[in-house]
Amino acid sequence: MLSKKTLVVGASEKPHRYSNKAIRKLLRYGHEVVPLAPRPGQVAGVSFVTGFPEVKDIHTITLYVGPARQPAFYDYLLALKPSRIIFNPGTENDTFKQKAKAQGVEIIQDCTLVMLETDVF
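Be aware that the sequence shown starts at 18, since it is given in this note's numbering, and climbs by one per residue.
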């Protein structure tokens with residue numbers, strides 16, 4: 018399996034949050050994970066990055082922040098030049114999708130957890 022370096026936007030230390038579950042499952046499936054959060058923390062031994070750090074070679078961005086909070090991230094996330102962005106349930110945003118598509122980014126509206134489980138990640 019090819020590892021896809023994944024930026025998890027909206028990382029949380031709370032085990033019941035889907036971003037936390039996604040970080041754990043991505044790691045279990047052998048993917049390198051960069052959790053992005055508003056404050057420092059860690060999940061499964063992986064420390065969160067905060068702000069808008071320079072991160073290289075991001076293949077996939079998976080969103081766990083709602084559309085109202087996404088505009089602050091548009092330029093930063095697109096500057097990372099990801100191959101694709103996964104809009105998890107509740108993160109759908111037509112404006113961001115159009116901006117990403119215009120830059121050639123593949124848009125996926127699905128659940129990262131289900132994609133991993135069904136081997137379509």
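In this text, a Cβ means the ideal position worked out from N, Cα and C, and glycines have one as well.
Open item on the list: Taking 9 angstroms as the threshold (C-beta atoms), are threonine 79 and alanine 117 in contact?
Closed with: Numbered from 1 along the sequence shown, position 100 holds the residue referred to as residue 117. Numbered from 1 along the sequence shown, position 62 holds the residue referred to as residue 79. Taking 9 angstroms as the Cβ cut-off, alanine 117 and threonine 79 do not qualify as a contacting pair.
Open item on the list: My parser needs the beta strand (DSSP E) runs of 3 or more residues fully inside the stretch 19–100; what are they?
Closed with: 23–26, 50–53 and 77–80
Open item on the list: The alpha helix (DSSP H) that contains glutamate 109, what's its start and end?
Closed with: Here residue 109 refers to the residue found at position 92 of the sequence shown. From DSSP, glutamate 109 is part of no alpha helix (DSSP H); its letter is neither H nor E.
Open item on the list: If you follow the alpha helix (DSSP H) that threonine 129 is in, where does it begin and where does it stop?
Closed with: Here residue 129 corresponds to residue number 112 of the sequence shown, with the count starting at 1. First-last of the alpha helix (DSSP H) with threonine 129: 129–134.
TODO: Would you list the residues sitting across from glutamine 126 in a DSSP beta bridge?
DONE: Position 109 of the sequence shown, counting from 1, holds the residue named residue 126. BP columns for glutamine 126 point to Phe104.
TODO: Taking 9 angstroms as the cut-off, decide whether the C-beta atoms of isoleucine 125 and methionine 132 are in contact.
DONE: Indexing the sequence shown from 1 puts residue 125 at position 108. Indexing the sequence shown from 1 puts residue 132 at position 115. A contact, by the Cβ cut-off of 9 angstroms.
Task: When Asp127, Arg56 and Leu95 are compared against aspartate 74, the one with the closest alpha-carbon - done: The residue given as residue 74 occupies position 57 in the sequence shown. Of Asp127, Arg56 and Leu95, the residue nearest in Cα terms is Leu95.
Open item on the list: What does the alpha-carbon distance come out to for the pair phenylalanine 90 and threonine 112?
Closed with: Reading the sequence shown from its first residue, position 73 is the one you call residue 90. Reading the sequence shown from its first residue, position 95 is the one you call residue 112. The alpha-carbon atoms of phenylalanine 90 and threonine 112 are separated by roughly 12 angstroms.
Task: Rounded Cβ spacing between alanine 119 and phenylalanine 65 (contact assumed at less than 8 angstroms) - done: Taking the sequence shown and counting its residues from 1, one reaches residue 119 at position 102. Taking the sequence shown and counting its residues from 1, one reaches residue 65 at position 48. Contact doesn't hold; Cβ gap of about 29 angstroms is too wide.
Task: DSSP-derived helix/strand/coil call for glutamine 120 - done: Within the sequence shown, residue 120 is the residue found at index 103, counting from 1. Residue state, collapsed to three classes: coil.
Open item on the list: Check this for me: beta carbons of proline 70 and valine 60, under 9 angstroms apart or not?
Closed with: Counted from its first residue, the sequence shown places residue 70 at position 53. Counted from its first residue, the sequence shown places residue 60 at position 43. No, they are not a contact pair.
Task: Candidates Tyr46, Leu19 and Thr108, of which the one nearest valine 26 by Cα - done: Here residue 26 corresponds to residue number 9 of the sequence shown, with the count starting at 1. Nearest option by C-alpha distance: Thr108.
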